[in-house]
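S.K.:
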Amino acid sequence: MKRKYLGAQLSYGVGISLGNVWLKTGATQWLSDQTFGLMGLKYLPIIATIALITIFNILIHLGFASATSLASALIPVFISLASTLNLGDHAIGFVLIQQFVISFGFLLPVSAPQNMLAYGTDTFTVKDFLKTGIPLTIVGYILVLIFSLTYWKWLGLV
Numbered sequence: 012m013k014r015k016y017l018g019a020q021l022s023y024g025v026g027i028s029l030g031n032v033w034l035k036t037g038a039t040q041w042l043s044d045q046t047f048g049l050m051g052l053k054y055l056p057i058i059a060t061i062a063l064i065t066i067f068n069i070l071i072h073l074g075f076a077s078a079t080s081l082a083s084a085l086i087p088v089f090i091s092l093a094s095t096l097n098l099g100d101h102a103i104g105f106v107l108i109q110q111f112v113i114s115f116g117f118l119l120p121v122s123a124p125q126n127m128l129a130y131g132t133d134t135f136t137v138k139d140f141l142k143t144g145i146p147l148t149i150v151g152y153i154l155v156l157i158f159s160l161t162y163w164k165w166l167g168l169v
């Protein structure tokens, strides 16, 4: 390679630091209340909540530099949200499902460390990522809903 690409390493460091700060300051509960409090999620069936939060998760992924930083920021928020929604035994399943969705880093080079490494080789363009990433994200979203209605329900996760 002609140049060194340190984006993945920087992304990990920033993501871990962000998650630690948010946990220590109580910002996760505040952010959960502010972001999701007005959506009326307490009154929706669990599948509707999963569908809405999954769409939010996919869309917000566009603004984060990586899945690592997104996970560091949002997993604590999703844990707070699950406790606010009184999901009981289903809280773990709810958070696990959102962790799967965070790994949907298909749309942009900065969405996941492996994307940044591939993009750093100058072999792929942003357009290449979008051409394959949009269909993959849609299929992933549909699969999350199908699994939430069937397999994960059978396992007792939702």
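With the working numbering, the residue at position 157 of the sequence shown is 168, and numbering never jumps. Just so you know, even glycine gets a beta-carbon here, dropped at the ideal spot from N, CA and C.
#1: Closest to residue 160 by CA distance: which of 58, 31, 152 and 47 is it?
#2: Write down the C-beta distance between residue 123 and residue 105 rounded to the nearest angstrom, noting that I regard them as a contact closer than 8 Å.
#3: Flag this pair as touching only if the stretch 26–45 and the stretch 118–134 have three or more C-beta atom pairs under 8 Å; answer yes or no.
#4: Please name the residue in 86, 26 and 91 whose C-alpha comes closest to that of residue 77.
#5: Is it the case that the stretch 43–52 contacts the stretch 139–147, given that we only count it when at least three CB pairs across the two stretches are under 8 Å?
#6: Going straight from the alpha carbon of residue 75 to that of residue 166, what length do you get?
#7: When you compare the stretch 105–114 with the stretch 151–160, are there three or more beta-carbon pairs, one atom per stretch, that lie closer than 8 Å?
#8: Rank 113, 129, 97 and 114 by C-alpha distance to the C-alpha of residue 169 and give the top, closest one.
#9: Any idea if residue 70 is buried or exposed, counting beta-carbon neighbours within 10 angstroms, 16 or more meaning buried?
#10: Just to check, is the beta-carbon of residue 158 closer than 6 Å to a non-hydrogen atom of the ligand HEM?
#11: Do you know offhand how far residue 65's Cα is from residue 103's?
#12: Compare the C-alpha of residue 38 against each of 115, 85 and 135 and name the closest.
#13: Should residue 87 go down as buried or exposed, given a rule of 16 or more other Cβ atoms within 10 Å for buried?
#14: Residue 54: buried (16+ other C-beta within 10 angstroms of its C-beta) or exposed?
M.R.: If we stick to the structure as given:
#1: 58
#2: 22 Å between Cβ atoms; not a contact.
#3: no
#4: 26
#5: no
#6: 32 Å
#7: yes
#8: 97
#9: exposed
#10: Summarising the ligand content, the structure contains no ligands, and the ligand HEM is consequently not present.
#11: 15 Å
#12: 85
#13: buried
#14: exposed
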